[in-house]
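Q: Input: one structure, supplied below.
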Amino acid sequence: MKHNQRTLTVEEVYKDRDQFAALVREVAAPDVGRMGIEILSFTIKDVYDDVQYLASLGKAQTAMVKRDADAGVAEANRDAGIREAECEKSAMDVKYSTDTKIEDNARMYKLQKANFDQEINTAKAESQLAYELQAAKIRQKIRNEEIQIEVVERRKQIEIESQEVQRKERELMGTVKLPAEAEAYRVQTIAQGKQFQTIEMARAEAEKIRKIGSAEAHAIELVGKAEAERMRMKAHVYKQYGDAAIMNIVLESLPKIAAEVAAPLAKTDEIVLLGGTDNVTNDVTRLVAQLPPSINALTGVDLSKVLSKIPGAKAEIMKDYDDDDNDDDDNDDDDDDDDDDDDENKNQFTTKTRTH
């Protein structure tokens, strides 16, 4: 750095910094190269001193620059004023020349316009006459075309009316005649169908009645055969076992007979028997005594004889009869002992039975 400062003045260092940087790099590169360092780029950021010499040089240079700038501005203003005056003069010359040309052009325009108007009016008159003539021709042509159109329309109208008549005829055919024929055909078809249905139903009913009659006849025949077989077997049994079989049937039928006899009394709420105790016993005995004759009358079987043939049956009947007599004697003794207390009810005994 010191070597470079000795080769350059302070003003040169301050003004030409690029040259100063190049000299510094040229001188310092070998020295730093021996240390293994290579200078790739070297830039001087700022140059200053402690006594503000370089700053003063900058101020003087700045003042000179300002002075030169002010002089340049004054010269520029002067040149601008001169140029502006020249431009204004040129503009006025152009304006005057332009105004003159405008006036000439306006005069020529008016003359040409008058000629043009005359020509235009003449052309308009000719055009109007030609237009009216052409319009008359066109109207005549239009009228001829209209007449032709009317003729065509009339022909079309006649054709349309003819088609309308045909359409109405077809409509009448479709709405009246054909529906009437269709209705007649439908009624005829329905009548034929009903007739066929009636005939078939009659045939089916006849076949049904025939089959039912045949089935019923066959069933009656089978029932008759079964009944005859049953009667034959009964007769065989009756013949084999005699009165014992008949007695067995009678004894098996007695509960059913009793049920049928008691059926009318099923809805009876109360039964009242009036009479003395002797009469009640006598009535019961009388009812029991009437049972064998009733069975004999219905079946022809003497129940007493049949029972007498069964071993032990007669002795049991006599035992029951003796027990009934003893019970009657005991009841008579009790009645004699209580004669004073039950004098009012001696000859009356009431039994109430409720059934539902």
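With the UniProt record's numbering as the guide, the letters of the sequence shown map in order to residues 1 to 356.
Every residue gets a Cβ at the ideal spot worked out from N, C-alpha and C, and that includes glycine.
Let me confirm a value: PHE42 is counted as buried when at least 16 other C-beta atoms fall within 10 Å, else exposed. Which label applies?
A: Exposed, since its Cβ has fewer than 16 Cβ neighbours within 10 Å.
Q: Along the chain, where does the alpha helix (DSSP H) containing VAL24 start, and where does it finish?
A: Start and end: 17 to 34.
Q: Taking only the alpha-carbon atoms, compute the straight-line gap between ALA91 and LYS66 and give it to the nearest angstrom.
A: Going by the C-alpha atoms only, they are around 36 Å apart.
Q: Measuring only the C-alpha atoms, how far is LEU23 from TYR53?
A: So the two alpha carbons sit approximately 22 Å from each other.
Q: What does the alpha-carbon distance come out to for the pair GLN19 and MET64?
A: GLN19 and MET64: Cα-Cα distance of roughly 23 Å.
Q: What is the rounded straight-line gap between the Cα of ALA29 and the Cα of ALA69?
A: Cα to Cα, ALA29 sits roughly 42 Å from ALA69.
Q: Report all residues from its chain with a CB closer than 6 Å to the CB of GLU11; omit the five preceding and five following residues, and keep chain order.
A: Once the five neighbours on either side are set aside, GLU11 has no close Cβ partner at all.
Q: Does the separation of the CB atoms of ILE39 and ARG25 fall below 9 Å?
A: Yes, the pair counts as a contact, with Cβ atoms nearer than the cut-off.
Q: Looking at ILE160 and the ligand NAD, is the gap between the Cβ and the nearest heavy atom below 8 Å?
A: The model on display carries no ligand, and the ligand NAD is accordingly not part of it.
Q: Throw me the rounded Cβ distance for the VAL13 and VAL47 pair, which I believe falls under 8 Å.
A: Yes, they are in contact, since the Cβ atoms of VAL13 and VAL47 sit about 6 Å apart, within 8 Å.
Q: So, ILE37 versus ALA21, is the Cβ gap smaller than 9 Å?
A: No; because the gap between Cβ atoms is not below 9 Å, this pair is not in contact.
Q: Measure the alpha-carbon distance for ARG203 versus ILE209 and round it to whole angstroms.
A: For ARG203 and ILE209, the distance between alpha carbons rounds to 10 Å.
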